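To get this note's numbering, take the position in the sequence shown, counting from 1, and add 131.
Think of the CB as a built atom: it goes at the ideal place given N, C-alpha and C, for glycine as much as any other residue.
As the structure is a prediction and not an experimental result, all values here were calculated from the model.
Below is one structure; the comments refer to it alone.
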Amino acid sequence: MSNPNLGWLFYKELYRKGNDPDHIKNTLAKMQEVSAPHPQKEKLANFGFTLTTTYPGLLIGSGYTHGISSDDDVKTGFYFDHTTGLPQIPGSSVKGVLRSFFKLLEDEDQEALVIAFFEEIFQEAGISETINKTFLQNLEKEIFDGKNPQTDKPLPIYQRDKFFDAVVVKVGKDGLLSEDYITPHKEPLKNPIPVKILKVAPKVSFAFAFDLKDGTLSAAQKELLFLKLLLFSGVGAKTNVGYGQFEEWSEEAFEKMKQKHKRDILKNLESDYEKLMTKLKEGIIKNAKSIHDAIKKIEKLEDKEKEELKKLIDEIIADKGGKWYKKIEKLL
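Have a look at this one:
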């Protein structure tokens, strides 16, 4: 089995022979031999980023029921994608982690501290907004409840922000999964009994994906905000003792993301004529029919634009005798 379904191994195959220590050990060992993810289909998301786990790793789904009396078995559950069998961070969990910061505003004693925290996060993300309780509550309502903060009415589905599952895209030298032990202190005067757990190893990269819309903040600003919050909090169980944390991004990496946002904004501001010229110069459109169809979609062309287009088209199309070239000439 070169690429086994890890979820099936963990919840089914592990117990196929009952309380057989050798079979349990062998199955867990087989799970930890997987060192590369299955091919992932690209999510239909317009924003996202990749975060990489740090030591000691990541715990997801630990609250699920798992474990039998065997000392060799793992005593906590784990979350695997049903189809690929790979560890996956549910979009609902990502959404919950992000919303938890806003929920802190409900404690009036912490209100000033929470606002100061968001001011610092916004400053780090390069977002210049005046932060107060009302602004943050409106932002929470829009992002997490899918409501228009001005009217308090639900936004149409296509205008709401969406959170996709975070999927594994890269595995480090330590592999994908590894075993670990935790020692819960149930009674203060007794030695704790170590509990075997399964975790995502360090140096495993997850792609976080979002479908974000402009609103109280722009979609690009929301992406930067989510990145900063996830780097601060981590994801999964036992983040307070180091699990679920991610490698920090360098200033260079943040700057690269900001520059991409600027390019995207400028691209959106381009006229249809400018977009067509860019595609022609980059060789994205290079046959007469496609050029004709693209020009036909442009509502109005200035005389100067027509001259520039004709000159560039003449350079691109060697054979100018075809019917589509004649149709282009009529448009220009």
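Determine the extent of the alpha helix (DSSP H) in which residue i is found, giving its start and end residues.
| i | result |
| --- | --- |
| Glu-318 | No alpha helix (DSSP H) contains Glu-318, which DSSP labels as neither H nor E. |
| Ser-224 | 222–234 |
| Glu-438 | 434–447 |
| Lys-301 | It is not in any alpha helix (DSSP H) - Lys-301 instead sits in the beta strand (DSSP E) that spans 297–301. |
| Phe-141 | 137–142 |
Is it right to say residue i is buried, meaning 16 or more other beta carbons lie within 10 angstroms of its own, or is it exposed?
| i | result |
| --- | --- |
| Glu-144 | buried |
| Gln-352 | buried |
| Met-132 | Reliability fails at Met-132, whose pLDDT of 45 lies under 50, so the model's placement of it is uncertain and the value that follows must be treated cautiously. The residue in question, Met-132, is exposed, as its Cβ has fewer than 16 Cβ neighbours within 10 Å. |
| Lys-427 | exposed |
| Glu-239 | exposed |
| Pro-466 | The question about residue 466 has no answer, for the chain in this structure spans 132 to 463. |
| His-314 | Looking at the sequence provided, one finds Thr at residue 314 rather than His. Thr-314 comes out exposed. |
| Gln-219 | buried |
| Asp-434 | exposed |
| Lys-330 | buried |
| Asn-134 | exposed |
| Tyr-186 | exposed |
| Ala-368 | buried |
Could you check whether residue j and residue i sit closer than 9 Å to each other, using their CB atoms as the reference points?
| i | j | result |
| --- | --- | --- |
| Phe-211 | Leu-217 | yes |
| Asp-296 | Gly-188 | no |
| Glu-348 | Leu-270 | At residue 348 the sequence reads Leu, which differs from the Glu that was named. Their beta carbons are under 9 Å apart, which means Leu-348 touches Leu-270 by this criterion. |
| Ala-256 | Leu-355 | yes |
| Leu-307 | Val-299 | yes |
| Gly-222 | Lys-161 | no |
| Leu-229 | Ile-274 | yes |
| Ile-447 | Lys-417 | yes |
How far does the beta strand (DSSP E) with residue i in it extend, from its first residue to its last?
| i | result |
| --- | --- |
| Ser-364 | Careful: Ser-364 lies outside any beta strand (DSSP E), inside the alpha helix (DSSP H) at 350–364. |
| Val-331 | 326–331 |
| Ala-256 | Looking at the DSSP string, Ala-256 is not in any beta strand (DSSP E), and its letter there is neither H nor E. |
Does the beta carbon of residue i come closer than 9 Å to any beta carbon on chain B?
| i | result |
| --- | --- |
| Leu-443 | Chain labels in this structure do not include chain B; a single protein chain is all it has. |
To the nearest angstrom, report how far apart residue i and residue j are at their CA atoms.
| i | j | result |
| --- | --- | --- |
| Glu-439 | Ser-402 | 15 Å |
| Ser-259 | Asp-342 | 22 Å |
| Gly-192 | Gln-290 | 30 Å |
| His-316 | Gly-194 | 18 Å |
| Lys-206 | Val-326 | 6 Å |
| Ile-444 | Lys-431 | 18 Å |
| Trp-139 | Lys-344 | 37 Å |
| Leu-236 | Thr-214 | 38 Å |
- Message: Closer than 8 Å is the cut-off here; do at least three beta carbon pairs connect the stretch 258–271 with the stretch 400–413?
- Response: At 8 Å Cβ cutoff, the stretches do not touch.
- On the three-pair Cβ rule with 8 Å, is the stretch 179–186 touching the stretch 329–345? In short, these stretches touch, since the Cβ pair count reaches three.
- Query: Any chance the stretch 277–291 sits against the stretch 378–388, with 3 or more Cβ pairs inside 8 Å?
  - Reply: As far as the Cβ criterion goes, the stretch 277–291 does not touch the stretch 378–388, which means the pair count is below three.
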